[in-house]
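Novice: This structure is in structure tokens; I'll ask about it shortly.
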Amino acid sequence: MIPFLGPDDPLPPVERALDEPNGLLAAGGSLSVPSLVRAYARGVFPWFGAGDPVLWWCPDPRLVLVPSELRLSRSLRKRLRRCDHSVTADTAFTDVVEACAAPRRNDDGTWLVPSMRDAYGRLYAAGFAHSVEVWMDGRLAGGLYGVALGRMFFGESMFARVTDASKIALVHLARQLGRWEYPLIDCQLPTEHLVSMGAREMPRRAFLGEVDRLVRLHPVPAPWRLDGDLTASFRAPAPQAG
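Per our numbering: the sequence shown = residues 576 to 817.
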């Protein structure tokens with residue numbers, strides 16, 4: 576059994592999370608900005624469907640991406656070199672979240688129910704949530720969003736309306752976070768998409784130790800802006816052997 580929390584109740588110790596379903600810790604509680612910040616600072620995130628109470632999770636192991644370990648396929652490298660897109664940060668947060676919440680093929684619903692979308696909007700307004708947007712022909716083609724505390728980034732969701740657009744967003748995020756000395760991106764649970772790009776599993780205890788250390792560091796202030804040379808760096812010609 577898991578506890579059902581009142582609006583002001585603290586989360587239980589993460590060691591009490593269930594093995595099945597993996598990482599389920601508690602139900603109920605609040606989606607206020609302070610509650611969410613406290614949860615993420617402990618490596619806990621909300622995830623629930625329409626009609627369900629708020630559910631809190633801390634799975635073991637945890638999927639993470641080290642920015643320096645990002646892997647790019649040959650086709651993705653070629654796509655990054657094209658001059659058919661631009662990438663921004665924190666310019667269309669609400670649009671990104673709405674796109675992430677849209678129904679997807681072979682998906683019966685969305686975990687990004689209205690209360691969750693509102694909650695992340697409040698986190699964005701408070702400077703804790705951020706988005707990366709990929710634009711093609713003046714339209715939003717893909718993107719992602721997540722929560723940042725200290726020098727730790729917790730990825731939440733991504734979407735693509737054009738092939739590879741979400742991957743382009745992740746590549747730019749990882750490269751920028753690497754420059755800012757954010758050593759870890761939380762990817763929560765394994766997906767083929769993320770594993771193919773270099774994400775790997777980390778034992779929960781080790782992950783929580785990193786989270787505890789990184790959330791105490793000084794953050795890059797909001798709103799985030801990508802370095803001006805970041806996109807151009809992908810388009811630079813490969814050096815010729817001399």
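Even for Gly, the Cβ is constructed at its ideal location relative to N, Cα and C.
All figures in this text were calculated on a predicted structure; none of them were measured in a lab.
Per DSSP, what are the beta-bridge partners of Ala601 in this structure?
Specialist: Beta-bridge pairing links Ala601 to Trp631.
Novice: What did DSSP end up calling Tyr757 once you bin it into helix, strand or coil?
Specialist: Here Tyr757 sits in coil by DSSP.
Novice: So is Ser706 buried or exposed if we call it buried at 16+ other beta carbons inside 10 Å?
Specialist: The residue is buried, with at least 16 neighbouring Cβ atoms inside 10 Å.
Novice: From which residue to which residue does the alpha helix (DSSP H) around His768 run?
Specialist: That run of the alpha helix (DSSP H) goes 767–770.
Novice: Which one or two residues does DSSP pair with Arg520 in a beta bridge?
Specialist: Since the first residue of the chain shown is 576 and the last is 817, residue 520 is not available in this structure.
Novice: Leaving out the 5 sequence neighbours to the left and right, which residues in its chain are closer than 6 Å to Ile743 when beta-carbon positions are compared?
Specialist: Correct list, in chain order: Val709.
Novice: So which of Val589, Pro689, Pro628, Ala614 has the shortest CA-CA distance to Phe579?
Specialist: The shortest Cα separation from Phe579 among Val589, Pro689, Pro628, Ala614 belongs to Pro628.
Novice: Buried or exposed for Met733, please, with buried defined as at least 16 other CB atoms from any protein chain shown within 10 angstroms of its CB.
Specialist: Buried.
Novice: Under the three-state reduction of DSSP, which class applies to His747: helix, strand or coil?
Specialist: In the structure shown, His747 sits in a helix (DSSP, three-state: H, G or I).
Novice: What is the rounded straight-line gap between the Cα of Leu759 and the Cα of Ala677?
Specialist: Computed Cα separation, rounded: 28 Å.
Novice: With distance defined between alpha-carbon atoms, name the residue in Gly730, Glu785, Leu630, Gly624 nearest to Met576.
Specialist: The shortest C-alpha separation from Met576 is found at Leu630.
Novice: For the beta strand (DSSP E) that contains Thr663, what are its first and last residues?
Specialist: Segment 661–664, the beta strand (DSSP E) holding Thr663.
Novice: In the structure shown, what three-state DSSP assignment does Gly784 receive?
Specialist: Of the three classes helix, strand and coil, the one that applies to Gly784 here is helix, per DSSP.
Novice: If you follow the alpha helix (DSSP H) that Leu673 is part of, which residue opens it and which one closes it?
Specialist: Inspection of the sequence shows that residue 673 is occupied by Glu rather than by Leu. Start and end: 668–676.
Novice: Can you give me the Cβ contacts of Asp524 inside the same chain, cut-off strictly under 7 Å, excluding the 5 residues immediately before and after it?
Specialist: The structure shown does not extend to residue 524, since the chain is modelled only from 576 to 817, so the question has no answer here.
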